[in-house]
Amino acid sequence: YFIRNISKKHQTTSELQMLNAVRNDTGKYTCTAVSEIGMDESVIQFLVQGLPDAPSNLTVLNTTSRSVSLFWEVAHNGNSHITGSIIQYQTVSDTHWNGQTSQLIVSGAENSATLRALTPITLYFVRVIAENALGQSRPSAVINVTTEEEAPSGSPRDVQVHSTGAQSIKVMWKPPSEETQHGHIKGYYIGYRISQSPENYVFKQVETNPEKEQQSTYITGLQPFTKYDIVVKAYNSAGAGPKSSKITGKTLETAPPTSPIVQIESTTSSTINISWKKDVKRQVGDSRYKNGARACIGSIV
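Each step along the sequence shown adds one to the number in the UniProt record's numbering, with nothing skipped, and position 250 is 250.
#1: Going by C-alpha to C-alpha distance, which of N79, V231 and T268 sits closest to S195?
#2: Kindly indicate the opening and closing residues of the beta strand (DSSP E) around residue 303.
#3: If you scan the UniProt domain "Fibronectin type-III" (54-150) from start to end, which runs of the beta strand (DSSP E) of 3 or more residues do you find wholly inside it?
#4: Straight-line CA distance for Y289 to Q167?
#5: Our contact map puts T248 next to Y218 with C-beta atoms below 8 Å; I'd like the distance itself, whole angstroms only.
#6: Quick check on the burial criterion: 16 or more other C-beta atoms within 10 angstroms. Buried or exposed for V23?
#7: Could you pull the DSSP bridge partners for M172 from this structure?
#8: Below 8 Å on the Cβ atoms is my guess for G183 versus A238; work out the distance and round it to an integer in Å.
#9: On the CB-based measure, 16 or more other CB atoms within 10 Å of its CB, does A117 come out buried or exposed?
#10: Can you give me the start and stop residues for the beta strand (DSSP E) that A234 sits inside?
#11: Could you please give me the residues that DSSP links to S266 through a beta bridge?
#12: Need the endpoints of the beta strand (DSSP E) that V202 sits in, please.
#13: In angstroms, rounded to a whole number, what distance separates the CA positions of Q283 and P224?
#14: Quick check on DSSP: helix, strand or coil for Y20?
#15: Please return the same chain residues whose Cβ sits closer than 7 Å to the Cβ of S153, not counting the five positions on each side in sequence.
#16: Within this structure, are the beta carbons of P52 and N77 separated by less than 8 Å?
#17: Among the candidates A109, D158 and Q136, whose CA atom is the shortest distance from the CA of K246?
#18: In three-state terms, what does DSSP make of T251?
#19: Less than 8 Å separating the beta-carbons of S140 and W97?
#20: Which of the three DSSP states, helix, strand or coil, is assigned to E211?
#21: Once DSSP output is grouped into helix, strand and coil, what is the label at I6?
#22: Would you report the Cα separation of I143 and Q90, rounded to the nearest angstrom?
#23: According to DSSP, is E15 part of a helix, a strand, or is it coil?
#24: Helix, strand or coil for Y1 per DSSP?
#25: Across the stretch 31-43 and the stretch 95-109, are there enough close Cβ pairs to call them in contact, namely three or more that are closer than 8 Å?
#26: Using the beta-carbon count (16 or more within 10 Å), is G135 buried or exposed?
#27: Express the C-alpha separation of E253 and I169 in angstroms, rounding to a whole number.
#28: Run through DSSP, which three-state label would D286 get?
#29: For S80, tell me which candidate among L123, P198, T26 and K186 has the shortest Cα-Cα distance.
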């Protein structure tokens, strides 16, 4: 800086000029005038304004499956009132923070905010920018935060029922669509009851088989020749999702025949003679059976 005095017709004007003034030049400046009859002085407040400093100490206060609460410290305001803070967030680690970035703007009086309508079990990258009348600060340091799990919003798909015996049914299904799982599917509840019954479903718990997409289980201890309503729902660490649409299966009237006992009678270089003992199953109430015994209609070798 430099001082220049300009004299005109018994009057002197003094000028203090600062080149490339910076924030540290802000302060009180005293101008003192001295003449033959005395002295006088005047105090001038000099204020250098600029962009605010970047917010600091961006911290996560709380997370849920759909929201993240944040706190940050407001740094120097650049000698100009902070008019707002811009919270930017995205799901990709992109240094350019381009069109995939979402943002929330809060007033300059606030140093906390809650991001809402987020996606469960998703990693977010977050930063904050302060703004005053002259413009925006540099962004704060980026932090990352993962939202919590949420109970599935979708039900298992492609539920199928197959009769396997007089007292058992096999149930097969696929997991809910990925966008409705909202976390790691840990297992399933398979509900069953006699068809059209007013009773509540009885649920069997089955853990996920991570090696297969199609899951399956057997429901046992059922009544022979009876229709059952079957539903399936998935669960994760946050809870269970909705039931699948009801599907009906029916147990067999009797269990399928067991395999016959096979014996090798003789062999040659080109032939094998075998014999087997047939298994006769008993069935009650079927006209195809005589005296409770079902005739064997054939064997497949």
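Glycine included, every Cβ here is placed at the ideal spot set by N, Cα and C.
Put simply:
#1: Working through the sequence shown from its first residue, we reach residue 195 at position 195. Looking at the Cα atoms, V231 is the closest of the given residues.
#2: Residue 303 is absent from the structure shown; the chain starts at 1 and stops at 301.
#3: 56-63, 68-73, 84-90, 102-107, 112-115, 123-132 and 143-146
#4: Walking along the sequence shown from the start, residue 289 turns up at place 289. Walking along the sequence shown from the start, residue 167 turns up at place 167. Residue placement at Y289 is flagged as unreliable, the pLDDT there being 40, under the threshold of 50; the coordinate-derived value follows with that caveat. Between Y289 and Q167, the C-alpha separation is close to 20 Å.
#5: Along the sequence shown, one-based indexing puts residue 248 at 248. Along the sequence shown, one-based indexing puts residue 218 at 218. With 8 Å as the limit, T248 and Y218 do not qualify as a contact, their Cβ atoms being about 17 Å apart.
#6: Counting from one through the sequence shown, the residue named residue 23 turns up at place 23. A small correction: the amino acid at residue 23 is Arg; Val does not occupy that position in the sequence shown. R23 comes out exposed.
#7: Locating residue 172 in the sequence shown gives position 172, counting from the first residue. According to DSSP, which records beta bridges pairwise, M172 is partnered with Q160 and S216.
#8: The residue given as residue 183 occupies position 183 in the sequence shown. The residue given as residue 238 occupies position 238 in the sequence shown. Rounded, the Cβ-Cβ distance is 6 Å, consistent with contact.
#9: Position 117 of the sequence shown holds residue 117. It is exposed - the Cβ of A117 has fewer than 16 other Cβ atoms within 10 Å.
#10: Residue 234 sits at position 234 when you count from the first residue of the sequence shown. Start and end: K227 to N236.
#11: Working through the sequence shown from its first residue, we reach residue 266 at position 266. N273.
#12: On the sequence shown, residue 202 is found 202 positions in, with the first residue counted as 1. First-last of the beta strand (DSSP E) with V202: V202 to E207.
#13: Counted from its first residue, the sequence shown places residue 283 at position 283. Counted from its first residue, the sequence shown places residue 224 at position 224. Confidence in Q283 is poor, its pLDDT being 43 and thus under 50, which makes the residue's placement too unreliable to answer from.
#14: Stepping through the sequence shown from its first residue, residue 20 is reached at position 20. Note that residue 20 is Asn in the sequence shown here, rather than Tyr. Coil at N20, not helix or strand.
#15: Here residue 153 corresponds to residue number 153 of the sequence shown, with the count starting at 1. Taken in chain order, the residues that qualify are T180, H182 and G241.
#16: The count along the sequence shown starts at 1 and reaches residue 52 at position 52. The count along the sequence shown starts at 1 and reaches residue 77 at position 77. Yes, they are a contact pair.
#17: Residue 246 sits at position 246 when you count from the first residue of the sequence shown. It is D158.
#18: Within the sequence shown, the letter at position 251 stands for residue 251. Residue state, collapsed to three classes: coil.
#19: Here residue 140 is taken as the residue at index 140 of the sequence shown, counted from 1. Here residue 97 is taken as the residue at index 97 of the sequence shown, counted from 1. Contact flag unset, no.
#20: Counted from its first residue, the sequence shown places residue 211 at position 211. Coil, per DSSP.
#21: Here residue 6 corresponds to residue number 6 of the sequence shown, with the count starting at 1. Strand, per DSSP.
#22: For this step, residue 143 is matched to residue 143 along the sequence shown. For this step, residue 90 is matched to residue 90 along the sequence shown. Approximately 11 Å, taken between the alpha carbons.
#23: Residue 15 sits at position 15 when you count from the first residue of the sequence shown. It is a strand residue.
#24: As a position in the sequence shown, residue 1 is number 1, starting the count at 1. Y1 falls in the coil class under three-state DSSP.
#25: no
#26: One-based indexing of the sequence shown puts residue 135 at position 135. Exposed is the call here.
#27: Locating residue 169 in the sequence shown gives position 169, where the first residue counts as 1. Locating residue 253 in the sequence shown gives position 253, where the first residue counts as 1. Cα to Cα, I169 sits roughly 12 Å from E253.
#28: Sequence index remark: in the sequence shown, residue 286 carries index 286 (1-based). Because D286 sits at a pLDDT of 44, beneath the cut-off of 50, its placement in the model cannot be relied upon, and the point is left open.
#29: As a first step, residue 80 is located in the sequence shown; it is residue number 80 there, counting from the start. Here the closest residue by C-alpha is T26.
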